[in-house]
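Chains A and B, in that order, give the protein sequences. Here this note's numbering is used: the first residue of the first sequence is 66, the next is one more, and so on. Here this note's numbering is used: the first residue of the second sequence is 1229, the next is one more, and so on. The C-beta atom is built at its ideal place from N, Cα and C for all residues, glycine as well. Below is one structure; the comments refer to it alone.
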Amino acid sequence: MSFAPEGVWEPERLRQLISSDNYFRVLRFTFWQAALSTLFTLILALPGAYIFAHFNFPGKNMLQALMTVPFVLPTVVTAAAFRALLGSGGLVNSWLMTALDLSGPPIRIDQTVTFFLLAHIFYNYSLVLRIVAGYWSNLDPDIREAAGMLGASPWQTFKKITLPLLIPAIASAAVLVFIFCFTSFGVILILGGPGYATIEVEIYRQAVQFFNLPMAAALSLIQILINFLLMWLHARIGSKNRVSFFSTAIGGTPKKIKGFLQKSLLLTNLLFMVTLLLAPLSALLLRSFIGEHGFTLAYYSSLFTSHTRSVFFVPPINAVLNSIGFGLTAMCIAVILGLFASSYLASAKGRSAPFWDAVIMLPLATSAVTLGFGYIITLNTPPLNLRDSLALVPIAHGLVAFPFVVRCILPGIRQIPQSLREAATLLGSSPLQVWRRVDLPLASRPIMVGAIFAFSISMGEFGASSFVTRPHTPTMPVTIFRFLSQPGDLNYGQAMAMSTILMLVTASGFWLLGKITDNR
Amino acid sequence: MTILNVKNLSSSYEGQPLLKEITFSLKKGEILCLLGPSGAGKTTLLRLLAGLEKEDGGIVTFGNLNIQTIPSHKRNFGMMFQEYALFPHKNVFENVSFGLEMKKSPLKARQEKVAEMLETVGLKGFAHRTIDELSGGERQRVALARSLAPEPQLLLLDEPLGSLDRTLRDRLSVEIRSILKALEVTALFVTHDQSEAFSVADKVAILYEGKLEQFDSPENIYRTPANTTVASFLGFKNIICGKMDNGDLFCSAIGPIYLPAECNDKQNCHLLIRPEAARIIRGEEIKEDEIALEGKVVKKQFQGATYKLQIEVGEQMLFFDLPIDPTPPGIGYPVDLAIRTSALIWLAS
């Protein structure tokens, strides 16, 4: 479409785009903010990873489950939560104004880089922590002790032994965070304001505001290309070093906290985690219960009624059931596709493996906006006219979740020793039987983990949903977005209430995930 | 010259005692083997000396210096880990030279030392191999070279041969001893394998459930196990419980025997008969330093140089290694045995 607007081959438009200053500015800004976000997230998350990998403390599992919530929280909700907390009319500012008797809000980060950098850190902190902590805890502690016995001080051991060994995990996490920030959309659009545009935001503006579809398509292509290269890089790091994307299990034998230094390190980090992760979410929770006249349940109760003046034809609470239904279907689609893809990738050898790995990860790199946009363009002509079908939502969600599922299942299948399959073959199993009787049962846990991830992603998916959901069957994030875009306190409160419900459903999913991986 | 002194060393984990009041000392250049079943506290003792764990109480001095407050990286002790713990991101040269690097020794000196160490362990020309390319035995040698390169004052080896196969183990245990002796290194060697301990050690310490049961030379440990725990750990089966009547009559399941030597606790005696101490007599008189036993052959197992015979004496089973000439009687036949009294040992219970 970028080459042939109105069905005519017209590369001129693309040349025009590449030669424009604006394009370079957007590209430079996109790279710059992604790099900055990645750097800050890494610096802040590495001490947390150390603590999670090495120590046991009360509430660890709970915190781990909670920390995954931001990652699948719809961008709209995150943006709303940060505004509820730190915006010019947010909780912190109004408290400070009352407490210090100020006339204006003391924290003014609305529409600044700081605001969306904070949100990016909020989003990716737990991702880095999970990947690095999982890998770190599986490093042999003997190796560290061996360095100590050879005369290396703790700092030298970290610098010369631990850090080099952690590089694959850190690099893998960094590339992922970079990709996510590179395609960041909702956060920048809402918290950054009109002054900032990433490629993704520019695609949206070109497509929705200026109806310049060829330009939007051209930008999408460039973004896909860059993302594909990044994904390929990520796959190369991962396949060599078996960095697990979502290894929830932290191995090794975590120790109890001892001594003043460890205690203060733990406390500082926990305080930081709780502030970073819980403050926006609690602000959200508080706002869902506090109206103009103090405590109220009105926002929740009004979710069950269908107002005539409302933006919905059905009680908003139906969205919860819609979301769960879509989520389960999307989960099945993603798991079945993910299983086949993982089995193929696990058996693929040689140089082509990272390439296919990257191809499979492409939906992850292709932003949801591009994906939804693509569905609308391609699926509206026979024989595949699904544009009005109810099936479109789960299919889109399944596709978004698919790369995550592969990332969960693939390491599990790669870990199964080839000798087990060979033994089964010599005992008379056909290749299909081997797959069914050896691979499937041994990878059952990663498959479960992938399934819950797929479900949670479907619950929170917004970008593609905003294009493909039908008005009478909205999902929860779409409902929240509609509430947010309407004026009035009741709408805002209902958005907060719905966000709280969504948050709870997602958190329960991850709590379940923690339970499953604990019981092995 | 005594160099390592351990006094009343104790340790516990979550209320469970791991080591109970361990006391021993070691001379410079000696090799001590810590021998005991798994869970006896051998590795804990080693890690305490290395400074990788903290003791509950006791005193450890090395060369008249209390080392308990010195962090492990400043003790200048070497340690060889069970799974070797080679640095996977460094090649053989970088692994072996790491300790020297930490001592800030110049590159030239490091190269010479590494070459010398690799030659000592028989890995000349391996300097630029990666760890992945090495076999189990080669890794073991690299680990040994790495721990020896910085010339540690004390070398600690934690089951260094544990993951190798039997043949390689037998060969390497002899090799390790000759390397350590050539370099005059004081060493502590943890193992659960008795033959490995006997072939490597100058001194053997038997640990059992956190207690130091016996500390002696390998020969003395084998000849005179201190108590029933040590004897059964060493694999002795002929341990007979009984009591003394009328001064020198030992009454037990094998019947009454007159014994010249006496046990301490007359009501609760444990007699060990070593398996190689018997000979078969066919009608002739026994010698003055022998006692006679009568029994019936229950099992007979050919083992090459010897037969292993299970003989029912009175109500107890005894096991003896007997020469293949003259051929011992077959299963079910009665047998008369003469046992050297020097092979009878009273054990403390």
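Per DSSP, histidine 1301 of chain B lies in no beta strand (DSSP E) segment and is marked neither H nor E. In the DSSP assignment, alanine 1454 of chain B falls outside any beta strand (DSSP E) and carries neither an H nor an E. When 9 Å is used as the limit between beta carbons, leucine 230 of chain A is near these residues of chain B: Phe1315, Pro1316 and His1317, in chain order. Residues of the same chain with a CB within less than 6 Å of the CB of leucine 1351 of chain B, apart from the 5 flanking positions on each side, are Arg1369 in chain order. Closer than 8 Å to the CB of glycine 213 of chain A there is at least one CB belonging to chain B.
Leaving aside the five residues that flank isoleucine 302 of chain A on each side, the residues in its chain whose CB is nearer than 8 Å to its CB run, in chain order, Pro233, Ala236, Ser237, Val240 and Val308. Annotated three-state conformation of cysteine 1479 of chain B is strand, per DSSP. Minimum Cα-Cα distance from serine 285 of chain A among the listed residues A/Phe94, A/Leu436, A/Gln559 and A/Leu107 corresponds to A/Leu436. When the Cα atoms are used, serine 564 of chain A and histidine 1317 of chain B turn out to be separated by approximately 47 Å. For asparagine 1466 of chain B, DSSP records no beta bridge to any residue.
Looking at the DSSP output, serine 1239 of chain B bridges to B/Leu1247.
Nearest CB-CB separation between histidine 1420 of chain B and chain A: not below the 8 Å threshold. Chain order gives the chain B residues near glutamine 221 of chain A as Met1330, where near means a beta carbon separation below 7 Å. Against chain A, the CB of proline 1503 of chain B has no partner CB under 8 Å away; the residue lies outside that interface. Each of B/Ser1240, B/Glu1522, B/Ile1231 and B/Asn1233 was checked against the Cα of glutamate 1437 of chain B, and the nearest Cα belongs to B/Ser1240.
Counting every other CB atom within 10 Å of its CB across the protein chains shown gives serine 1375 of chain B a total of 16 or more, marking it as buried. Alanine 184 of chain A places its beta carbon less than 8 Å from that of alanine 144 of chain A. Residue-level contact by beta carbon holds for serine 218 of chain A and chain B, with a gap shorter than 8 Å. The Cβ atoms of glutamate 1366 of chain B and serine 1401 of chain B lie no closer than 8 Å to each other. Taking each of B/Phe1530, B/Leu1565, B/Gly1532 and B/Asp1553 in turn and checking the Cα distance to glutamate 1518 of chain B, the smallest one comes out for B/Leu1565.
Taken through DSSP and simplified to helix, strand or coil, phenylalanine 275 of chain A comes out as coil.
A check of alpha carbon separations from valine 1432 of chain B across B/Arg1399, B/Cys1469 and B/Val1458 identifies B/Val1458 as the nearest. Distance from the CA atom of arginine 173 of chain A to the CA atom of glycine 152 of chain A, rounded to whole angstroms, is 7 Å. For leucine 182 of chain A, the closest alpha carbon among the candidates A/Asn334, A/Leu107, A/Ser329 and A/Arg547 is that of A/Leu107. Within the segment 511 to 557 of chain A, the runs of alpha helix (DSSP H) at least 4 residues long that lie entirely inside it are, in chain order, 530 to 533 and 541 to 550.
By the Cβ-count criterion, threonine 95 of chain A is buried, with 16 or more other Cβ atoms from all chains shown falling within 10 Å of its own Cβ. One thing to note: leucine 1550 of chain B has its Cβ no nearer than 8 Å to the Cβ of isoleucine 1509 of chain B. Sixteen is the threshold: when 16 or more other Cβ atoms of the shown chains lie within 10 Å of the Cβ of glutamate 1322 of chain B, as they do, the residue is buried. In the DSSP assignment, tryptophan 201 of chain A falls within the alpha helix (DSSP H) that extends over 178 to 202. Taking 8 Å as the cut-off between beta carbons, the residues of the segment 180 to 214 of chain A near chain B are Asp205, Asp207, Ile208, Glu210, Ala211, Ala212, Gly213 and Met214, in sequence order. Under DSSP, tyrosine 1535 of chain B forms a beta bridge with B/Phe1530 and B/Leu1550. The alpha-carbon of alanine 262 of chain A is positioned some 14 Å away from that of glutamine 274 of chain A. Scanning chain A for C-beta atoms nearer than 8 Å to the C-beta of methionine 1307 of chain B yields Glu210, Ala211 and Met214, reported in chain order. For threonine 1419 of chain B, the enclosing beta strand (DSSP E) covers residues 1415 to 1419.
In the same chain as threonine 544 of chain A, and ignoring 5 residues on each side of it, the C-beta atoms closer than 7 Å to its own belong to Pro381, Ala384 and Met563, in chain order.
Taking a cut-off of 8 Å for Cβ pairs, the segment 214 to 231 of chain A and the segment 1327 to 1339 of chain B touch, as three or more such pairs fall below it.
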